[in-house]
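For reference, the structure is listed below as structure tokens.
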């Protein structure tokens, strides 16, 4: 089951690439990067 609100948001992002694409990439980065950054922080602390 997909929430229609999310479908509208996705379509808005696709229809308006001027701000939609950077915003979409930002959201994806916000979801993915924290896990990687946490690993990098631990790794850098082990090196120092």
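Residue numbers (this note's numbering): 1061 to 1108. The C-beta atom is built at its ideal place from N, Cα and C for all residues, glycine as well. Just so you know, these numbers come straight off a predicted model, no measurement behind them.
Report yes if the C-beta distance between residue 1073 and residue 1085 is below 8 Å; otherwise report no. no
To the nearest angstrom, how far is the alpha carbon of residue 1069 from that of residue 1075? 10 Å
Leaving out five residues on either side along the sequence, give the residues of the same chain with a beta carbon under 6 Å from the beta carbon of residue 1078. none
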